[in-house]
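Notes for the one structure printed next.
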């Protein structure tokens with residue numbers, strides 16, 4: 001799909017070597033997975049200037065990266081009025097999903113980890129470092145928000161600020177009560193005789209009725225792919241989900257039944273669930289370690305953070321919103337949190353978890369205002385560094401007068417007793 005706003009470039013890079021769980025790869029633990037990446041360069045900024053923003057996007061489980069193109073277009077439309085320019089936007093499908101999942105379909109096992117993706121992104125950023133000068137900011141949806149938090153926790157100064165769209169950072173991956181997403185996805189239809197029939201089915205489904213039409217258009221194009229596939233090798237001319245329902249469900253939850261007692265209350269095989277958080281509300285027969293484990297570290301988040309919550313999302317009930325806003329960046333190593341103006345929350349009334357699909361314009365409104373505010377901080381930080389950089393190499397790489405002052409006088413020689 002072409003764009004009137006962006007030049008779109010595609011890239012492929014290898015994923016991080018050795019995955020979090022052994023069975024993430026199907027043949028050997030050294031299987032080389034790849035990321036399918038898209039880079040969006042604004043057509044009105046093909047010769048970017050120092051200080052223009054590099055944006056790293058991350059998507060929700062089961063939704064291809066292209067569904068966020070309307071959000072990028074809306075964000076770009078608001079950038080100038082909010083005092084910043086976009087250098088480029090980078091987003092990759094998770095290794096087991098979307099175009100990446102198609103690249104890797106003969107290598108994928110049944111045990112993906114959210115923790116692999118921050119490492120994959122760090123590698124991607126290192127590979128394309130020449131095209132990603134500071135400031136780098138992150139915008140992530142759902143599990144993508146969790147992933148950005150962990151990228152920032154891994155490398156606290158890499159991301160200058162992050163925008164978290166209804167992120168899954170709490171004591172559970174799916175709500176302890178209410179709709180069972182794993183059950184619904186396990187039994188969802190995933191094969192249609194033709195692309196036209198698939199699109200007709202999508203248009204009739206209540207699930208998609210609230211989506212922005214631009215997002216829906218991209219779902220019909222990128223949400224399904226032609227067969228044959230690894231899953232349907234004998235089906236020719238049909239279409240199936242680009243992210244298989246199997247990989248979607250493996251990403252939602254991780255089995256724990258072999259690790260727990262029959263009543264699901266006691267861990268009997270620690271080696272199978274080494275990362276199960278004791279406070280997790282969902283432990284048996286499935287669990288998902290990354291949401292509670294990220295919440296436990298959220299106080300140390302260094303970059304500023306804007307939360308965009310869906311007011312009707314089970315992930316963002318008022319007490320969950322307040323929990324995140326209170327904790328984020330408030331502890332050791334953190335930004336200072338809400339009390340220092342580094343963390344803010346916006347709640348979108350009448351919108352559920354799929355904020356980027358239902359309300360890309362509202363998300364762009366909030367994100368653009370935040371990035372404009374944060375960009376003023378980036379400019380000040382850049383000025384301070386530029387002043388220091390003007391000093392001589394000797395001044396920058398040897399002891400300063402202040403160093404000598406605070407170290408104190410040279411130690412006196414110890415007199416020998418002999």
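In UniProt numbering, the protein residues as written are 1 to 418.
Don't be surprised by glycine CBs; every beta carbon is placed ideally from N, CA and C.
Count the other CB atoms, across all protein chains shown, that sit within 10 Å of the CB of residue 154; report buried if there are 16 or more and exposed otherwise.
Around the beta carbon of residue 154, a 10 Å sphere encloses fewer than 16 other beta carbons of the protein chains shown; the residue is thus reported as exposed.
Buried or exposed for residue 284, going by 16 or more other Cβ atoms inside 10 Å?
buried
Kindly indicate the opening and closing residues of the beta strand (DSSP E) around residue 7.
Per DSSP, the unbroken beta strand (DSSP E) holding residue 7 starts and ends at 6-14.
For residue 346 versus residue 366, is the C-beta distance shorter than 7 Å?
yes
Would the stretch 78-87 count as touching the stretch 108-115 if we require 3 or more Cβ pairs under 8 Å?
By the criterion of at least three beta-carbon pairs nearer than 8 Å, the stretch 78-87 is not in contact with the stretch 108-115.
Could you tell me which residues DSSP puts in a beta bridge with residue 224?
241
So, are the CB atoms of residue 295 and residue 170 less than 7 Å apart?
yes
Check whether the Cβ atoms of residue 435 and residue 202 lie closer than 7 Å to each other.
Since the displayed the chain opens at 1 and closes at 418, residue 435 lies outside it and no answer follows.
Pair within 7 Å by beta-carbon distance, residue 74 and residue 361:
yes
Could you tell me whether the stretch 268-288 touches the stretch 247-259, where touching means 3 or more Cβ pairs closer than 8 Å?
Touching, per the Cβ criterion.
Length of the line joining the Cα atoms of residue 251 and residue 392
52 Å
Roughly how many angstroms lie between the CA atoms of residue 7 and residue 45, to the nearest whole one?
10 Å
So is residue 38 buried or exposed if we call it buried at 16+ other beta carbons inside 10 Å?
Buried, because 16 or more other Cβ atoms sit within 10 Å of the Cβ of residue 38.
Helix, strand or coil for residue 321? Go by DSSP, reduced to three states.
helix
Name, in chain order, the residues that DSSP records as bridge partners for residue 251.
Bridge partners of residue 251: none, in fact.
So, using beta-carbon positions, are residue 140 and residue 54 closer together than 7 Å?
no
Which residue marks the beginning of the alpha helix (DSSP H) containing residue 373, and which one marks its end?
360-389
Assign residue 276 to one of three DSSP states: helix, strand, or coil.
coil
Leaving aside the five residues before and after residue 228 along the sequence, list all residues of the same chain whose C-beta is less than 8 Å from its C-beta, in chain order.
234, 235, 236
Evaluate the contact criterion for the stretch 333-343 versus the stretch 294-309: three or more CB pairs, one atom per stretch, below 8 Å.
yes
Measure from the alpha carbon of residue 271 to the alpha carbon of each residue in 389, 3, 22, 14, then state which is nearest.
22
CB residue 422 to CB residue 315, shorter than 7 Å?
Residue 422 cannot be examined here, being either before or after the span of the chain that is shown, 1 to 418.
Might you give, ordered along the chain, the residues of its own chain that have their beta carbon closer than 6 Å to the beta carbon of residue 9, omitting 5 neighbours on each side?
39
Let me check one thing: in DSSP terms, what residues is residue 192 bridge-paired to?
239
Residue 390 to residue 382 span [Cα, whole Å]:
13 Å
Straight-line CA distance for residue 329 to residue 298?
6 Å
Looking at residue 56: is its Cβ nearer than 7 Å to the Cβ of residue 145?
no
Beta-bridge partners of residue 344, as assigned by DSSP:
Answer is 306.
Rounded to whole angstroms, what is the Cα-Cα separation between residue 452 and residue 132?
Not covered by the structure: residue 452. The range shown for the chain is 1 to 418.
Spatial neighbours of residue 371 in its chain, beta-carbon cut-off 6 Å, leaving aside the 5 residues before and after:
Within the same chain, Cβ atoms closer than 6 Å to the Cβ of residue 371 are found at 84, the five residues on either side in sequence being excluded.
Can you round the beta-carbon distance between residue 96 and residue 321 to whole angstroms, since I take them to be within the 8 Å contact cut?
With 8 Å as the limit, residue 96 and residue 321 do not qualify as a contact, their Cβ atoms being about 30 Å apart.
Helix, strand or coil for residue 294, going by three-state DSSP, please let me know.
For residue 294, the secondary structure class from DSSP, reduced to helix, strand or coil, is helix.
With 16 other CB atoms within 10 Å as the buried threshold, where does residue 27 fall?
With fewer than 16 Cβ atoms within 10 Å of its Cβ, residue 27 is classed as exposed.
What runs of the beta strand (DSSP E), each 3 residues or longer, lie entirely inside the stretch 124-206?
136-141, 161-165
Are the beta-carbon atoms belonging to residue 120 and residue 353 less than 7 Å from one another?
Note that the C-beta distance between residue 120 and residue 353 is not below 7 Å.
Taking the alpha carbon of residue 195 as the point to measure from, which residue in 226, 60, 189 has its own alpha carbon closest?
Distance from the Cα of residue 195 is smallest, within the candidate group 226, 60, 189, for 226.
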